[in-house]
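A.B. asks:
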Amino acid sequence: MTAPRVAIIGGGPAGAAAALTLARGGVEVVVVDASRGPAEKIGESLPPSVRPLLARLELLELLDAAAHRPSFGNRASWGQAEAAEEDFMFGLYGAGWHLDRRRFEAALAKAAEQAGARWLWDHHAVDARHPGGAGGWRLELEGPESLVELDARFILDATGRPARFAVGAGARRIHLDRLVGLALRFDSAGLGDGEGMDGMDGFTVVEAIESGWWYTAPLSGGRAIAVYMSDGDLFDTRSARTAGGWRALLDAAPETRARLRPWLERALEPSATIARAGSAYTSPPAGPGWLAIGDAAVAFDPLSSHGIGSAMTTGYYGACAAAEVLSGGADTGALATYADLVASLFDDYLDLLHQHYRREQRWPTSPFWARRRERLSLDSGR
Ligand SMILES: Cc1cc2nc3c(=O)[nH]c(=O)nc-3n(C[C@H](O)[C@H](O)[C@H](O)COP(=O)(O)OP(=O)(O)OC[C@H]3O[C@@H](n4cnc5c(N)ncnc54)[C@H](O)[C@@H]3O)c2cc1C
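All the letters of the sequence shown, read from the start, carry residue numbers 31 to 412 under our numbering.
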């Protein structure tokens, strides 16, 4: 393969936003992603506040397609038994979205390719050497048929929470808590009028319980998702994946259970999936010839609905920093500026997260809520 100037490892929202930005700026860029194609990931709520970013990336049109459902707001039993409603329609930007993640990521990849990026699905980056070809990096990729080498002058790590490349380059991945999400998907096929999507309405419903919290949201294609959030050391994650296990957890969440009642026999998978979902960051988020973007740089508690929007934000600014380094020859200070931006984004988020968690005071002896009484800081990590 000929050497692109930038290789992006990971084609999620962060990698796609970066590829789009670089390609539009005339920088040669290739994206490699280990999946065979766009994947159905957990994480579907895109708040209306991402509209300015999507407008800047000229991607708003992509979300007006019929593939996604409007998100009208949040209804949360949080800090009190009665649900409080946040109606997006009274806000500055109107409705948000409940995304079809697979179609969203496919559309992002297509937009990046149309801008001139090269996109390689089914290519798993397994090794990186520096200096490789022409003093840059040499990546080893496991392709569908064989191992291939790819030379690049600059690498963006967009591998998501594992931050595989950055950790391989010597950075530390620091986890500030043990939060995990247990996700269940349901299909409304066969439900009567008023029971399926009609009963679900366009809101995300959040319910705090003694051991953590639940959220439920409608998805496109007549489906819905329910996710239980708690710390991975506070419940039996193995048995919770079985139908009996997640139903028992649901019994402790009356509102969520009532919302899901018509759907309960329609779980798409017999077992639930579990994913790491806590606050985490990579230190440092940039080094000579590389930087991390998206979850690979900073990962957020889903309570904030920050994940996708922030991944695209750091993708955009990371791409700008990479382009500046490439055009300046030596490090122009762009990497330090980028690292400062990531740190300040994460610090603001930790403030917001603390404000949200401290509103829930109903279970003073619960380990889950006790752990969230103090604000997390960059030093509270493992
Ligand atoms: C339970 C849960 C609920 C969530 N809910 C929301 C929500 O409602 N709203 C929201 O905004 N966010 C939510 N999120 C977070 C959101 O999904 C992530 O923040 C977002 O996906 C981050 O995008 P990314 O591009 O950084 O990483 P990812 O989307 O994780 O993409 C990383 C990509 O890298 C590829 N990759 C990894 N390693 C390699 C390798 N070695 N070689 C090649 N490719 C590789 C993977 O195949 C993958 O496609 C949630 C997360 C969880 C866990």
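Heads up, the beta-carbon is just placed ideally off N, CA and C, and yes, glycines get one too. The structure presented is a predicted model; accordingly, all values stated were derived computationally and were not measured.
Rounded to whole angstroms, what's the CA-CA distance from R412 to R208? Just pull it up for me.
C.D. replies: Going from the Cα of R412 to the Cα of R208 covers about 10 Å.
A.B. asks: Does DSSP classify D266 as helix, strand or coil?
C.D. replies: Coil.
A.B. asks: Just to confirm my understanding: we take P82, look at its own chain, exclude 5 residues before and 5 after, and list those with CB closer than 7 Å. What are they?
C.D. replies: Nothing listed; no residue qualifies.
A.B. asks: Identify the continuous alpha helix (DSSP H) that holds D377 and give its terminal residues.
C.D. replies: Here the alpha helix (DSSP H) through D377 covers 364-388.
A.B. asks: So the alpha helix (DSSP H) R131 belongs to, where does it begin and stop?
C.D. replies: Counting along the chain, the alpha helix (DSSP H) containing R131 begins and ends at 131-144.
A.B. asks: In terms of DSSP beta bridges, what is W149 paired with?
C.D. replies: Paired residues: V61.
A.B. asks: Is it buried or exposed for V156, if we count other Cβ within 10 angstroms and need 16 for buried?
C.D. replies: With fewer than 16 other Cβ atoms within 10 Å, it is exposed.
A.B. asks: Would you mind working out which of P292, Y258, R296, G262 sits nearest A278, comparing C-alpha positions?
C.D. replies: If we check each option's Cα against that of A278, Y258 comes out closest.
A.B. asks: Please determine, among R35, A48, Y346, Y387, the residue with the shortest C-alpha to C-alpha distance to E237.
C.D. replies: Among R35, A48, Y346, Y387, the Cα nearest to that of E237 belongs to Y387.
A.B. asks: What number of angstroms, rounded off, separates the C-alpha of A193 from the C-alpha of A329?
C.D. replies: Going by the C-alpha atoms only, they are around 10 Å apart.
A.B. asks: Less than 8 Å separating the beta-carbons of A145 and R54?
C.D. replies: Yes, the pair counts as a contact, with Cβ atoms nearer than the cut-off.
A.B. asks: For ligand 1, is there a heavy atom less than 7 Å away from the beta-carbon of K71?
C.D. replies: The answer is yes for K71.
A.B. asks: Between D325 and ligand 1, is there a pair consisting of the residue's CB and a ligand heavy atom that are separated by less than 7 Å?
C.D. replies: Because some heavy atom of ligand 1 lies under 7 Å away, the Cβ of D325 counts as near it: yes.
A.B. asks: Please confirm if the stretch 125-140 is in contact with the stretch 43-52, defined as three or more CB-CB distances below 8 Å between the two stretches.
C.D. replies: Counting Cβ pairs under 8 Å, three or more are found: they touch.
A.B. asks: Please classify M119: is it buried, with 16 or more other beta-carbons within 10 angstroms of its beta-carbon, or exposed?
C.D. replies: By the 10 Å Cβ count, M119 comes out exposed.
A.B. asks: Taking only the alpha-carbon atoms, compute the straight-line gap between L169 and W293 and give it to the nearest angstrom.
C.D. replies: The straight-line gap from Cα to Cα measures roughly 46 Å.
A.B. asks: Let's see if you can read the secondary structure: which residues bound the beta strand (DSSP E) around E70?
C.D. replies: First-last for E70: undefined, no H or E at that position.
A.B. asks: Tell me the start and end of each unbroken alpha helix (DSSP H) in the stretch 242-301 that is at least 4 residues and wholly inside, in chain order.
C.D. replies: Whole alpha helix (DSSP H) segments, 4+ residues: 267-270, 273-280, 284-290.
A.B. asks: Could you tell me the distance, in whole angstroms, from the CA atom of A37 to the CA atom of R389?
C.D. replies: When rounded, the distance between both Cα atoms is 43 Å.
A.B. asks: Go to E116, then tell me how far its beta strand (DSSP E) extends in each direction, as first and last residue.
C.D. replies: Per DSSP, E116 belongs to the beta strand (DSSP E) from 114-117.
A.B. asks: Quick one: what's Y311 bridged to in DSSP?
C.D. replies: In the DSSP output, where bridge partners are listed per residue, Y311 has I204, V328.
A.B. asks: What is the residue span of the beta strand (DSSP E) that I338 lies within?
C.D. replies: From DSSP, I338 is part of no beta strand (DSSP E) but of the alpha helix (DSSP H) over 337-358.
A.B. asks: Give the straight-line distance between the Cα atoms of W167 and D370, rounded to the nearest whole angstrom.
C.D. replies: About 25 Å.
A.B. asks: With DSSP collapsed to three states, give me the class of T234.
C.D. replies: T234: strand per DSSP, three-state reduction.
A.B. asks: So, G317 versus A201, is the Cβ gap smaller than 8 Å?
C.D. replies: Closer than 8 Å, so yes.
A.B. asks: Under DSSP, the beta strand (DSSP E) around L180 begins and ends at which residues?
C.D. replies: Segment 177-182, the beta strand (DSSP E) holding L180.
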